[in-house]
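Numbering of the sequence shown is given in this note's numbering, commencing with residue 59 and proceeding in unit increments. The beta carbon of each residue, even a glycine, is placed where N, CA and C say it ideally should be. Okay, so here's the structure we're looking at.
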Amino acid sequence: MEKMCDSKIYIKRVAGTKKRFLGERRMLSICGVEVAFRWIAPGRFIMGSKILLQDVECVDVTPHEVILTQGYWLAETPTTQRLWTAVMGDNPSEFRGDDLPVETVAFDDCRRFIDKLNSFVAESGLVGLGVFRLPTEAEWEYAARAGMTDEELDFDNTMDVLEPIGWYAYNSNGATHPVGYKLPNAWGLYDMFGNVNELCADWLGDYPHGTVTDPIGPSEEEESWFRVMRGGSFCNSAWRLYPSNRLFIPNEVSSKALGFRLLLTDDDLKDDATNEKEDE
């Protein structure tokens, strides 16, 4: 087993303003691994899809309005094997490479990883950094869309749209690829489409009716034993990569096509010397 890190986490660069702007970039160093996050501002959008209503079975994709009242920092890329190994000391992935997304992780594996990151924050004495967690599927879809509708993306009929931004069955050669290689979306996020499916915090359930605010999915008492995963993967066809498409997996099951992306909550982090460390 490889040696785990010494619990160090610090801010590499901070913009120095509390007035966030959409897509603002923040760099953290976690166990010596630089991780970039993008600011996703509060907003409202139509979650779900008219296009996919006729194609999907077993899951509800009925369009409905969602209001997100809290902004958040979302990792630019899926979590890499470099970061996972630095934090956890092992590498569960089937496809090996530092810059490949970590995969073959189940929900509980991701939770242990995130718990360790949050313990690092506490041990490092950072003021107002926020909390690491998985995004809800509403937060994930809002960020993936970056203001675009399924009709505008048109993955099924226009390969020119998907080819520059996603790894999927047509172009992946049956394997994952280094993160950040394809073009980002309008908010600076890479690999939101394809490469690996990304776990969300939600249990699978039907969508609510009408407008909803900050949805978190079914409660634990209503659990379906399935967790939602989003984005499609290297082995999926184009229609699976629509930001509205909902895939699911048993809570305890892992897959070589399944990874995750970190979300960091915003707690008005102060730009002061106690929270910053210069590049070495």
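Coil, strand or helix - residue i by DSSP
{"i": "residue 98", "result": "strand"}
{"i": "residue 256", "result": "strand"}
{"i": "residue 328", "result": "Low local confidence applies: a pLDDT of 44 at residue 328 is under 50, so the model's placement there is unreliable, with the coordinate-based value given in what follows. Reduced to three states, the DSSP call for residue 328 is coil."}
{"i": "residue 203", "result": "helix"}
{"i": "residue 245", "result": "coil"}
{"i": "residue 274", "result": "coil"}
{"i": "residue 45", "result": "The question about residue 45 has no answer here: the residues shown for the chain are numbered 59 through 338."}
{"i": "residue 164", "result": "coil"}
{"i": "residue 180", "result": "helix"}
{"i": "residue 315", "result": "coil"}
{"i": "residue 133", "result": "strand"}
{"i": "residue 299", "result": "helix"}
{"i": "residue 208", "result": "helix"}
{"i": "residue 196", "result": "helix"}
{"i": "residue 408", "result": "With the chain represented from 59 up to 338, any question about residue 408 goes unanswered, as that position is not in the structure."}
{"i": "residue 110", "result": "helix"}
{"i": "residue 61", "result": "Low local confidence applies: a pLDDT of 48 at residue 61 is under 50, so the model's placement there is unreliable, with the coordinate-based value given in what follows. The answer is coil: DSSP assigns residue 61 none of H, G, I, E or B."}
{"i": "residue 71", "result": "Note that residue 71 has pLDDT 46, beneath the 50 cutoff, so the model's placement of it is unreliable and the number below is only indicative. Note: residue 71 maps to strand in three-state DSSP."}
{"i": "residue 335", "result": "Residue confidence for residue 335 is low, a pLDDT of 37 falling below 50, so the modelled location carries little weight and cannot support an answer."}
Bridge-paired residues (DSSP) for residue i
{"i": "residue 142", "result": "Its beta-bridge partners do not exist; DSSP assigns none."}
{"i": "residue 159", "result": "138"}
{"i": "residue 284", "result": "308"}
{"i": "residue 122", "result": "105"}
{"i": "residue 225", "result": "252"}
{"i": "residue 261", "result": "285"}
Residue i, enclosing alpha helix (DSSP H) - first and last residue
{"i": "residue 189", "result": "No alpha helix (DSSP H) holds residue 189; DSSP gives it neither H nor E."}
{"i": "residue 218", "result": "217 to 220"}
{"i": "residue 148", "result": "Run containing residue 148: none; DSSP gives neither H nor E here."}
Classification of residue i by the beta-carbon crowding that lies within 10 angstroms, buried from 16 upward
{"i": "residue 74", "result": "Summary for residue 74: the model assigns pLDDT 45, below 50, so the residue's position carries little reliability; its value from the coordinates is reported in the next sentence. It counts as exposed."}
{"i": "residue 291", "result": "buried"}
{"i": "residue 332", "result": "Its pLDDT being 32, under 50, residue 332 is placed unreliably by the model, and nothing is read from it."}
{"i": "residue 243", "result": "buried"}
{"i": "residue 90", "result": "exposed"}
{"i": "residue 231", "result": "exposed"}
{"i": "residue 154", "result": "exposed"}
{"i": "residue 310", "result": "exposed"}
{"i": "residue 134", "result": "buried"}
{"i": "residue 318", "result": "buried"}
{"i": "residue 274", "result": "exposed"}
{"i": "residue 269", "result": "exposed"}
{"i": "residue 137", "result": "buried"}
{"i": "residue 83", "result": "exposed"}
{"i": "residue 6", "result": "Because the chain spans 59 through 338 in this model, residue 6 falls outside it and cannot be assessed."}
{"i": "residue 277", "result": "exposed"}
{"i": "residue 241", "result": "exposed"}
Residue range of the beta strand (DSSP E) that includes residue i
{"i": "residue 84", "result": "83 to 88"}
{"i": "residue 322", "result": "321 to 323"}
Cutoff 7 Å: residue i Cβ touching any chain C Cβ
{"i": "residue 288", "result": "Absent from the structure is chain C; it holds one protein chain and no more."}
For this session: May I ask you to verify whether the region 169 to 179 touches the region 306 to 316, counting CB pairs closer than 8 Å and requiring at least 3?
Result: no
Problem set entry | Cβ contact check for the region 292 to 302 and the region 223 to 231: 3 or more pairs under 8 Å | yes
Problem set entry | the region 229 to 246 / the region 149 to 159 touching (three or more Cβ pairs under 8 Å) | yes
For this session: Say whether the region 162 to 172 touches the region 89 to 106, bearing in mind that this needs 3 or more beta-carbon pairs closer than 8 Å, one atom from each stretch.
Result: no
Exercise. Between the region 187 to 194 and the region 256 to 264, do three or more beta carbon pairs fall short of 8 Å?
Worked result: yes
For this session: Pair every Cβ in the region 139 to 148 with every Cβ in the region 207 to 216, then say whether three or more of these pairs are closer than 8 Å.
Result: no
Exercise. Any chance the region 261 to 271 sits against the region 115 to 126, with 3 or more Cβ pairs inside 8 Å?
Worked result: yes
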